[in-house]
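One structure is given here, and the rest of the page talks about it.
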Amino acid sequence: VLVALARGPSAAPAVVVARACRAARDLDCSAVRAAADTMLGPRPPLTTPGLAPQLAARLLPDGTRGAVRTTIDYDIQRLAIDALTRQLTAIGARNARDGAAVVVDNASGEILAWVGSAGPQSTAGEVDGVTAPRQAGSTLKPQLYALAIERRLLTAASVLRDEPVDLDTASGLYIPQNYDRSFRGPVSVRSALGNSLNVPAVRALLLVGVDGFRDRLYDVGYRGINREGDYYGFSLALGSAEVTMLEQAAAFRALALGGRAGALRVVPGAAPGLKQVIDPGAAAIVRDILSDPAARTATFGEDNGLELPFAAAVKTGTSKALRDNWCIGFTRRFTVAVWVGNFEGDPMVGVSGTSGAAPAWAAILRGLHRDTDTGFALPPGVITAPVRFAPAIEPPRRELFLAGTEQPVIAVTDPATARPRLLSPADGTVVAIDPDIPMPRQRVTIRAQGSLPGLHLTLDGRRLGSGLTALWAPIPGVHVVALTDGRHVLDRARLVVR
Numbered sequence: 019v020l021v022a023l024a025r026g027p028s029a030a031p032a033v034v035v036a037r038a039c040r041a042a043r044d045l046d047c048s049a050v051r052a053a054a055d056t057m058l059g060p061r062p063p064l065t066t067p068g069l070a071p072q073l074a075a076r077l078l079p080d081g082t083r084g085a086v087r088t089t090i091d092y093d094i095q096r097l098a099i100d101a102l103t104r105q106l107t108a109i110g111a112r113n114a115r116d117g118a119a120v121v122v123d124n125a126s127g128e129i130l131a132w133v134g135s136a137g138p139q140s141t142a143g144e145v146d147g148v149t150a151p152r153q154a155g156s157t158l159k160p161q162l163y164a165l166a167i168e169r170r171l172l173t174a175a176s177v178l179r180d181e182p183v184d185l186d187t188a189s190g191l192y193i194p195q196n197y198d199r200s201f202r203g204p205v206s207v208r209s210a211l212g213n214s215l216n217v218p219a220v221r222a223l224l225l226v227g228v229d230g231f232r233d234r235l236y237d238v239g240y241r242g243i244n245r246e247g248d249y250y251g252f253s254l255a256l257g258s259a260e261v262t263m264l265e266q267a268a269a270f271r272a273l274a275l276g277g278r279a280g281a282l283r284v285v286p287g288a289a290p291g292l293k294q295v296i297d298p299g300a301a302a303i304v305r306d307i308l309s310d311p312a313a314r315t316a317t318f319g320e321d322n323g324l325e326l327p328f329a330a331a332v333k334t335g336t337s338k339a340l341r342d343n344w345c346i347g348f349t350r351r352f353t354v355a356v357w358v359g360n361f362e363g364d365p366m367v368g369v370s371g372t373s374g375a376a377p378a379w380a381a382i383l384r385g386l387h388r389d390t391d392t393g394f395a396l397p398p399g400v401i402t403a404p405v406r407f408a409p410a411i412e413p414p415r416r417e418l419f420l421a422g423t424e425q426p427v428i429a430v431t432d433p434a435t436a437r438p439r440l441l442s443p444a445d446g447t448v449v450a451i452d453p454d455i456p457m458p459r460q461r462v463t464i465r466a467q468g469s470l471p472g473l474h475l476t477l478d479g480r481r482l483g484s485g486l487t488a489l490w491a492p493i494p495g496v497h498v499v500a501l502t503d504g505r506h507v508l509d510r511a512r513l514v515v516r
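Under this note's numbering, residues 19 to 516 are what the sequence shown spells out, in order.
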């Protein structure tokens, strides 16, 4: 072969083989061909494949050549890749092929790991899971409760009823259910958020309003959630909106930083400024709930894979039909977001937040915190006070409150004796008349609760029926529904019909 190459070093491999066979008359030509293939065939790469190919493609688009300095830490990137690859290998039989992860330094906002795709069975490895929009699932609930606590509509000890509820929407009745299809009755906000209960979250959304919640999500970093509130509806509380992993990391970092939000960066430079978008006390209370192992045991059990040997706040989320699986959380120093699913959108089989993304999330944080993290400090304006429930739906405990909102006893009332109020429609509800449905079949359900004598409903000042439930034929325009005892208006809601 070397003799043949001497005659023409740049000759095509086939020409070199032919010349070598003629020169080696006493040798088997197949052996000569094999030697030539070894010598002239494709060379293995001299470098290992890129650790962050999706990020490289983002920073150097359209095949641009060059070098870009980033904030990615080699060891942390390798840690995240290995943790995610191990977990995807473990659950591959459950039709979970793809995963993504980011690690953020909370103080600087620098992205230390950007794993756009991982998984030995992936069929779409070129997709960047860090920037791809996916349904949020329950990962938006911390922001919802932070807003309600900030507005002093709820405390961590407030009681919300986890029981069947149906809500009128423009597209029909919305009937939220919990992940396990069961209901737990009255629960505290700490238990509702820790156990990721859906019905209490929808009740919290009714307090703050869909538009108010949408605005808060946008402010903390979910810039893709930018449509009118009625586009999302009540399901926004349960994460029906699509978000990216970068948005998730930015929003959870804001909780870690006491409610201060700012942009993340992957190229070195001056740290982006931070803006206070969540009340520091509300952020601290939600942070405490998310780092409380006892608050989540009713749904996730004690051995749930979310507990670490240092203080860490965490929230899981699973989208409809098990298509997306999130685990996002933070310590004082780092925020870590992990997603598991399939880029093609087909569902996984029996993969939940604790069995899908959580093991990789926990492994990454263990690798980051080889030393002991010091945990979180409480800001001014947050106090610890004893609280008990009557009747005792939960054991007595010491609870965190915004100063001035503490209550030593939380009375759990029976719905029949609860304060008079409208149940539906919620204030600001928009009802769209469907031209394809006959008008006699289109009705808006108006409901209230209360046991005071003389209670009745009014619509635009006129009495509506004789009880606390009415079916009303919608008329285009702006209307006011009210609950009154004949002397005073006890509750009202604005309703728009289009």
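Just so it is clear, CB atoms sit at the ideal spot from N, CA and C, and this is done for glycine as well.
Would you mind giving the Cβ-Cβ distance between residue i and residue j, rounded to the nearest angstrom? I have them listed as a contact below 8 Å.
i	j	result
residue 185	residue 442	6 Å
residue 366	residue 113	5 Å
residue 201	residue 217	7 Å
residue 70	residue 95	6 Å
residue 375	residue 344	6 Å
residue 407	residue 122	In fact, because the Cβ distance is near 38 Å, the residues do not count as touching under 8 Å.
residue 16	residue 156	An answer regarding residue 16 cannot be provided, because it is not within the stretch 19 to 516 covered by the chain.
residue 285	residue 89	7 Å
residue 178	residue 234	With a Cβ gap of about 19 Å, residue 178 and residue 234 do not count as contacting.
residue 467	residue 482	In fact, because the Cβ distance is near 16 Å, the residues do not count as touching under 8 Å.
Leaving out five residues on either side along the sequence, give the residues of the same chain with a beta carbon under 8 Å from the beta carbon of residue i.
i	result
residue 310	208 and 212
residue 445	227, 510, 511 and 512
residue 262	148, 149, 150, 151, 152 and 242
residue 66	Note that residue 66 has pLDDT 46, beneath the 50 cutoff, so the model's placement of it is unreliable and the number below is only indicative. So the list is empty, once near-sequence residues are dropped.
residue 427	405, 406, 407 and 408
Which of helix, strand or coil does DSSP assign to residue i?
i	result
residue 481	strand
residue 31	helix
residue 260	strand
residue 509	strand
residue 214	coil
residue 180	strand
residue 236	helix
residue 311	helix
residue 351	coil
residue 375	coil
residue 386	helix
residue 78	coil
residue 401	strand
residue 219	helix
residue 367	coil
residue 251	helix
residue 500	strand
residue 601	Residue numbering for the chain in the displayed model covers 19 to 516; residue 601 lies beyond these limits and cannot be assessed.
To which residues of the same chain is residue i closer than 6 Å at the C-beta, ignoring the five residues directly before and after it?
i	result
residue 348	270, 274 and 331
residue 361	116, 142 and 145
residue 500	476, 507 and 510
residue 364	none
residue 173	419 and 423
Alpha carbon to alpha carbon, how far is residue j from residue i? Give it in angstroms, no decimals.
i	j	result
residue 15	residue 431	Only positions 19 to 516 of the chain appear in this structure, which leaves residue 15 out of reach.
residue 226	residue 488	25 Å
residue 461	residue 239	38 Å
residue 358	residue 152	11 Å
residue 22	residue 46	16 Å
residue 63	residue 214	Residue placement at residue 63 cannot be trusted, given a pLDDT of 40 that sits under 50; the coordinates are not used to answer.
residue 252	residue 158	13 Å
residue 193	residue 86	50 Å
residue 327	residue 440	46 Å
residue 403	residue 246	39 Å
residue 219	residue 161	11 Å
residue 106	residue 354	17 Å
residue 61	residue 54	Note on residue 61: pLDDT 47, under 50, position unreliable in the model; no value is reported.
residue 259	residue 229	14 Å
residue 424	residue 417	9 Å
residue 236	residue 249	15 Å
residue 119	residue 256	22 Å
residue 383	residue 76	26 Å
residue 109	residue 472	60 Å
residue 337	residue 180	20 Å
residue 458	residue 464	17 Å
Can you give me the Cβ contacts of residue i inside the same chain, cut-off strictly under 7 Å, excluding the 5 residues immediately before and after it?
i	result
residue 409	430
residue 301	164, 273, 276 and 277
residue 168	296, 297 and 300
residue 412	206 and 209
Cβ pair count under 8 Å reaching 3, the region 320-334 against the region 343-357
yes
Okay, do the region 131-151 and the region 390-397 touch, 3+ Cβ pairs below 8 Å being the bar?
no
Say whether the region 276-293 touches the region 126-133, bearing in mind that this needs 3 or more beta-carbon pairs closer than 8 Å, one atom from each stretch.
yes
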